[in-house]
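A short write-up of the structure that comes next.
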Amino acid sequence: LFSVPYSIRNSELTDDEMDWPGYVKAMAALHRLSLDPSREAEVIVQMRHIHTLAQRFLDFPLAADVDPAPTFRP
Amino acid sequence: MTTAPDIAASASAVRSGDVSARERVEAALARIASADSTINSFTAVTAQRARAEADAIDAIRRRGEPLPPLAGITYSVKNLFDVAGLTTLAGARLNAANPPALHDATLVRRLRAAGAMLVGAVNMDAYAYGFTTENTHYGTTRNPRDIARVAGGSSGGSAAAVAAGFCDVSLCSDTNGSIRVPSSFCGTFGLKPTFSRLSRHGSIPFVPSLDHLGPIARSARELALVYDVLQGPDQADPACAQRAIQPTLPTLEQGTKGLRIAMLGGYFAQWADADACAAVARAAAALGAGDVVEMHETDRARAAAFVITAAEAGARYLDDLRMRPEDFEPLSRERLTAGAMLPAAWLVQAQRFRRWFAEETAKLFQDYDLLLAPATPCIATTVGSTTMQINGITLPTRPSIGLLTQPISFIGLPVAVAPLWTPGSLPLGVQIIAAPWREDLCLRAAHALEQAGIASSPITKVNGDV
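Order-wise, the sequence lines are chains E and H. Count along the first sequence starting at 1, add 5, and that's the number in this note's numbering. Count along the second sequence starting at 1, add 38, and that's the number in this note's numbering.
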């Protein structure tokens, strides 16, 4: 089972499908961030850019037993 | 440009009494006072402390007691390091009203104990989020090699101060390239050690998963001298590797004979212009490196580093983004805001990819001891530029300057940067990359490039210099 590669890309919307203004409004509300229209517009630009970059590794199949790289040492 | 005696020679001169530590400090302070208005590298000059430290060194010499290894060496610190009595800024107006630090950072304490003299704190991109040191609130740091160009970042104040001869060494941080990019642009030597090698205690973090600390200097020998003093475990930093000191200075002169060295192709050639490719080819020829190898999936690694950076930095500054958005650096505020909004699954997947990429890249070190790549895609960009051209492709300047450094720090490999000089007489650094914990090999190769006469970091005189 653990040798079956998986990615999380298949559950992600494409940039065209994604409602970024709605997402940014919801996250701003969650974080209690007050964004004026110009800031909100720039945050959407940044979200789109980061989403484009994220897709480059989100669609890369990793075996299920690949752990995150941790730095925490108890 | 002038070739200064390296810090080993300077320390030796102080030891012999040919020059006093106080004279060295006064000379550095005079240079800063006369010429830094052109460069804007210092945000605070610690003249009183430097004089006191110098007088303490001179007193030890007069008593005939042994002097510590860096006696009489001047240094600065990126202003994210705690210096007792100074407010730690991390390049951010957000922090300007904070109380002064009560204690020195661990690495500052170690340099002081080794006899080095602190002349001040230097400028950086706000929060360390940038590659140009164009700081809206503390000004742009100019490149001493050409003041129309940026110094690189985020440790731009450090590289500029060293290149201009305002100090011998500077302590810096490197999350995605912030030691290596300014070293490349300003023509200095830089060492980004293995992730977790040096204590980060007493420095303001940016991206804890990726933050490294290290020195910038004007030769590989200076880097080795300083790095050997900085090493060692630190219980105050839970992320610091509990490893014994592995001195690099004793093997510095061994050269590269017997070392297996290759150039990184693929991604690293794709995003490098003709100057950058030529610099690596010259270094490779001098070091006898003929092979070209590929680091697979580098593009994804850079993307994952970008996402981790945005997410961790955004989360760190979320409260201030909520309460004091007007105090933020406008060049990075919305990037931080977006970072605070990223899905957690992206961050976890980026960290999982990091593990995979580290294991995949480790295979290269079965066949090679060192890998060479450009530190930057091109020479220093001009102040204010928003786009740059690499091999016919237009890229946004600020996030793209770190294209070639970001994938390496992502997996914490040690890297030395050696500055080569392009036909246009501007510097461009070559990254010398080793397997984890092999800083000694990086420094040996950087020193070999100096010995071969193709890497150097002379002091550049600037307007008003004394």
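The C-beta atom is built at its ideal place from N, Cα and C for all residues, glycine as well.
Taking 7 Å as the line, does the beta carbon of residue i fall inside it for any heavy atom of the ligand PLP?
i        : result
H:ARG281 : The ligand PLP is not part of the structure shown, which contains no ligands of any sort.
What are the boundary residues of the alpha helix (DSSP H) that includes residue i?
i        : result
H:ILE77  : 59–77
E:GLU56  : Reading off the sequence, residue 56 of chain E comes out as His, not Glu. Note, E:HIS56: alpha helix (DSSP H), 42–63.
H:ILE428 : Taken as a continuous stretch (DSSP letters only), H:ILE428 belongs to no alpha helix (DSSP H), being part of the beta strand (DSSP E) at 425–428.
E:ASP72  : First-last for E:ASP72: undefined, no H or E at that position.
H:ARG53  : 45–54
H:LEU261 : 258–268
E:TRP25  : 25–35
H:ILE446 : 444–448
H:ALA484 : 477–489
Going by CA-CA distance only, name the one from the options that's closest to residue i.
i        : options                                : result
H:VAL83  : H:PRO107, H:ARG131, H:LEU156           : H:LEU156
H:GLY225 : H:ASN429, H:ILE417, H:GLY450           : H:ILE417
H:SER50  : H:VAL421, H:LEU263, H:LEU464           : H:LEU263
H:ARG101 : H:THR170, H:TYR113, H:PRO182, H:GLY55  : H:GLY55
H:VAL345 : H:ASP405, H:LEU385, H:GLU91, H:ALA314  : H:LEU385
H:LEU108 : H:ILE470, H:ARG320, H:GLU260           : H:GLU260
H:ALA400 : H:CYS315, H:SER247, H:ARG99, H:GLU332  : H:GLU332
H:GLY240 : H:GLN308, H:GLU291, H:LEU145           : H:LEU145
E:LEU63  : H:ALA382, H:PHE204, H:GLU488, H:HIS250 : H:ALA382
H:HIS250 : H:SER193, H:ARG338, H:PHE227           : H:SER193
H:PRO514 : H:ALA134, H:ARG99, H:THR424            : Since the first residue shown for chain H is 39 and the last is 504, residue 514 of chain H is missing from the structure and cannot be characterised.
H:PRO496 : H:PHE204, H:PRO104, H:MET379, H:GLY215 : H:PHE204
H:ALA47  : H:ALA152, H:SER463, H:ASP206, H:PRO137 : H:ASP206
H:ALA327 : H:ARG281, H:VAL115, H:THR125, H:LEU409 : H:LEU409
H:ALA274 : H:HIS141, H:LEU451, H:THR294, H:ALA486 : H:HIS141
Once you ignore the five residues that flank residue i on each side, which residues in its own chain have a CB closer than 8 Å to its CB?
i        : result
E:PHE7   : In this prediction, E:PHE7 scores a pLDDT of 42, lower than 50, which makes its location untrustworthy; the coordinate-derived value is nonetheless stated afterwards. Result list for E:PHE7: ALA68, ALA69, ASP70, in chain order.
H:ASN173 : GLY129, ASN161, MET162, ASP163, ALA164, THR179, GLU367
H:SER221 : GLY190, ALA197, PHE227, GLY228, ILE254, ALA413, VAL455, PRO457, GLY467
H:ARG362 : LEU132
What are the boundary residues of the beta strand (DSSP E) that includes residue i?
i        : result
H:VAL115 : 112–116
H:PRO412 : 408–412
H:LYS230 : 227–230
H:LEU433 : 431–434
Spatial neighbours of residue i within its chain, please: C-beta separation below 6 Å, excluding the five flanking residues on both sides.
i        : result
H:LEU67  : ALA85
H:GLN269 : ILE283
H:ALA473 : PHE403
H:TYR355 : LEU374
H:ALA454 : LEU229, ILE470, CYS480, LEU481, ALA484
H:VAL52  : ALA59, ALA109, GLY110
E:ALA74  : none
Within a Cβ cutoff of 7 Å, which residues of the same chain sit near residue i, ignoring the five residues on either side of it in sequence?
i        : result
H:ALA87  : Inspection of the sequence shows that residue 87 of chain H is occupied by Arg rather than by Ala. Excluding sequence neighbours, H:ARG87 sits near LEU156.
H:ASP272 : THR144, SER237, HIS239, CYS278
H:THR498 : MET39, PRO182, ARG183, ALA201, ALA202
H:THR78  : The amino acid at residue 78 of chain H is misidentified as Thr; the sequence shows Asn. ASN161, GLY177, THR178, THR179, ARG180.
H:ARG340 : LEU441, GLN444, PRO445
H:VAL219 : PHE169, GLY190, GLY191, ALA413, THR414, ILE439, GLY440, THR443
H:VAL245 : THR213, ILE346, THR347, GLU350, ALA351
(request) For the stretch 275–331 of chain H, list the alpha helix (DSSP H) runs that are entirely contained and at least 4 residues long, ordered along the chain. (result) Within the stretch 275–331 of chain H, the complete alpha helix (DSSP H) segments at least 4 residues long are 305–308, 312–325, listed from N- to C-terminus.
(request) Please name the residues in the stretch 34–63 of chain E whose beta-carbon is closer than 7 Å to at least one beta-carbon of chain H, in chain order. (result) Only HIS36, ARG37, LEU38, ARG44, GLU47, VAL48, GLN51, MET52, ILE55, LEU58, ALA59, ARG61, PHE62, LEU63 from the stretch 34–63 of chain E bring a Cβ to less than 7 Å from some Cβ of chain H.
(message) Can you pull out the residues from the stretch 430–447 of chain H whose beta carbon lies closer than 8 Å to at least one beta carbon of chain E?
(response) none
(request) Return the residues of the stretch 377–392 of chain H that lie within a Cβ-Cβ distance of less than 8 Å from chain E, sorted by chain order. (result) GLY377, ALA378, MET379, LEU380, ALA383, TRP384, VAL386, GLN387, ALA388, GLN389, ARG390, PHE391, ARG392
(message) Tell me which residues of the stretch 345–363 of chain H have at least one Cβ-Cβ distance to chain E shorter than 8 Å, keeping chain order.
(response) VAL345, ALA348, LEU356, LEU359, ARG360, PRO363
(request) With a floor of 3 residues, list each beta strand (DSSP E) that falls wholly inside the stretch 326–393 of chain H, ordered by position along the chain. (result) 329–331
(message) Along the stretch 164–179 of chain H, where does the CB come closer than 9 Å to a CB of chain E? Name the residues.
(response) none
(message) To be precise: take each residue of the stretch 274–285 of chain H, compare its Cβ to all Cβ atoms of chain E, and keep it if any distance is under 7 Å. Which residues remain?
(response) PRO276, ALA277
(message) As an exercise, report each continuous alpha helix (DSSP H) stretch of at least 4 residues that is fully enclosed by the stretch 85–172 of chain H, in chain order.
(response) The qualifying runs are 85–100, 144–151.
(request) Return the residues of the stretch 363–375 of chain H that lie within a Cβ-Cβ distance of less than 7 Å from chain E, sorted by chain order. (result) GLU372, ARG373, THR375
(request) Check each residue of the stretch 329–345 of chain H: if its Cβ is closer than 9 Å to any Cβ of chain E, include it; give the result in chain order. (result) GLU335, ASP337, ARG338, ALA339, ARG340, ALA341, ALA342, PHE344, VAL345
(request) Pull out every residue of the stretch 450–477 of chain H whose Cβ sits closer than 8 Å to any Cβ of chain E, in chain order. (result) none
(request) For the stretch 297–310 of chain H, enumerate the residues whose C-beta is nearer than 7 Å to any C-beta of chain E, in chain order. (result) none
(request) Using a Cβ-Cβ cut-off of less than 8 Å, give me the residues of the stretch 130–160 of chain H that come near chain E, in sequence order. (result) none
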